[in-house]
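A.B. asks: Numbered per the numbering used here, the sequence shown finishes at 130, counting up by one with no gaps. Even for Gly, the Cβ is constructed at its ideal location relative to N, Cα and C. Fair warning: this is a prediction, and the values are worked out from it, not measured in the lab.
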Amino acid sequence: MESGVVIDAAITEELIRTIFFPLTPLHDGALIIQEGRIAGAACYLPLSDSKQIQKHHGARHRAGLGIAEETDALVVVTSEERGEISIMVNGKLFPNIKTTDLKNMILFFMNPKTASEENYTR
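(1) Note down the Cα distance separating Pro103 from Ala17, rounded to an integer number of angstroms.
(2) Work out the CA separation of Phe28 and His69 for me, nearest whole Å.
(3) So for Arg68, helix, strand or coil by DSSP?
(4) Excluding the 5 residues flanking Ser11 on each side, which residues of the same chain have their C-beta closer than 6 Å to its C-beta?
(5) Following the continuous beta strand (DSSP E) through Arg45, name the residue where it begins and the one where it ends.
(6) Going by C-alpha to C-alpha distance, which of Ile24, Thr79, Glu92 sits closest to Leu55?
(7) Which residues in the same chain have their Cβ closer than 7 Å to the Cβ of Gly135, if we skip the five residues on either side of it in sequence?
(8) Looking only at C-alpha atoms, which of Val85, Ile114, Ala81 sits nearest to Asn98?
As structure tokens, this is what we get:
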């Protein structure tokens, strides 16, 4: 982790809500979960130049896709303005994810047997 604040804590709803509470010091930037723990918060990610990013998507989506292009990360991005959820994996953007589909998509892409975006259909 090259930027942000090291956390190294168990994943809990309370901690995630605290980190993302508006105007707190850790609110801006990415939350990194690694090996089943919250590794860090307020992390800055590389920005993508991909044409997949539409004009209404901002730096948060560009950063999410940037890290998904450069690593094996599964990225979940939420839009504060529109309340939309997007997933980025293997350099591909899956926009406008329904909250009812989010868990299934995460489990799908975290399973090495099905983790290819070619295997995923909505």
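C.D. replies: Concretely, from the data shown:
(1) 29 Å
(2) 16 Å
(3) helix
(4) Cys51, Tyr52
(5) 45-51
(6) Thr79
(7) This structure gives no information on residue 135, because the portion of the chain shown stretches from 9 to 130.
(8) Ala81
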